[in-house]
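Peer 1: Residues -16 to -1, 1 to 179 (mature numbering (1 follows the signal peptide of the UniProt record, and there is no 0)) are what the sequence shown spells out, left to right. Ideal Cβ positions, reconstructed from N, Cα and C, are used throughout, including at glycine.
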Amino acid sequence: MPTFLFLTAFCLLVAAELTPGLTPENQWDVGMNYAHQTIHFLVGGGDEKELLPAHKAILAKASDVFEKMFRFDKANAKAAAVGTGFSEEVKPVEVPDMEVGAFKAMLAFIYADDLGGLNGDNAISVLYAADKYNLPKLVKACLNFPIPELRNVFFAFDQARFLGQEQLLCDIFDRDKLIINDELTIWNAVKTFFV
């Protein structure tokens, strides 16, 4: 047992000697953002807001958009450079353009490749989140989501048009059963899109 402890201590000393000193510039590259590993997102708009925590390192690994978002802001970088540390006040990242359920589904996918939160009601909203944060695997999963499960064809149409997903639009209109009361309504929607 003493030999094991000696070898462990020796390995730790060698590792400490080989590890470069952490500076504000290389702290992110080493993968160690000690000051604020957890980030909070204030998701939703109006009365439907919710504060959701997440880990910066996991999100940054999953998405280049998150990685760029989490780089030190100028105030914290200046404070760290002069040795005064990080500013105390950390505000949540506001995400008013996204539904809480869609953001949670995106986080579940990032953390565990879990598509359990993806359903007919939020598939297009999750697609928006995946597109916004550059998550190609989740975009593909949303685009491959079974079209018959889409419940609100007009919302899906509008969101797909907004995202520039022409193939999704074609798939929506190619369905045998569209749940609408009036075929003229769908005709006018298509006409508006292509005019």
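Would you give the residue range spanned by the alpha helix (DSSP H) that P80 belongs to?
Peer 2: Unbroken run through P80: none, as it is neither H nor E.
Peer 1: As a quick exercise: from K75, V84, P37, G100, pick the residue whose alpha carbon is nearest that of S109.
Peer 2: The candidate whose alpha carbon is nearest that of S109 is V84.
Peer 1: A86 bridges to which residues according to DSSP?
Peer 2: Its beta-bridge partners do not exist; DSSP assigns none.
Peer 1: Which residues in the same chain as L119 place their Cβ atom closer than 6 Å to its Cβ, once the five residues preceding and following it in sequence are excluded?
Peer 2: So the list reads S47, once near-sequence residues are dropped.
Peer 1: In chain order, what residues of the same chain have a beta carbon less than 8 Å from the beta carbon of V77, not counting five sequence neighbours either side?
Peer 2: Closer than 8 Å at Cβ, skipping near neighbours: I23, H24, F25, L26, M53.
Peer 1: Helix, strand or coil for F129 per DSSP?
Peer 2: If DSSP states are grouped into helix, strand and coil, F129 belongs with coil.
Peer 1: Using three-state DSSP, classify L111 as helix, strand or coil.
Peer 2: Looking at L111 - three-state DSSP - the assignment turns out to be helix.
Peer 1: Give the straight-line distance between the Cα atoms of A92 and D31, rounded to the nearest whole angstrom.
Peer 2: Their backbone Cα atoms lie some 23 Å apart in a straight line.
Peer 1: Does the distance from the CB of A107 to the CB of F129 come in under 8 Å?
Peer 2: Closer than 8 Å, so yes.
Peer 1: Along the chain, where does the beta strand (DSSP E) containing E34 start, and where does it finish?
Peer 2: That run of the beta strand (DSSP E) goes 34 to 39.
Peer 1: Please go through the same chain and pick out, in chain order, the residues whose beta-carbon is closer than 6 Å to the beta-carbon of L102, but skip the five residues on each side of it.
Peer 2: So the qualifying residues of the chain are A89, V110.
Peer 1: Quick check on the DSSP output: the alpha helix (DSSP H) that includes D48 runs from which residue to which?
Peer 2: Where D48 is concerned, the enclosing alpha helix (DSSP H) stretches over 48 to 54.
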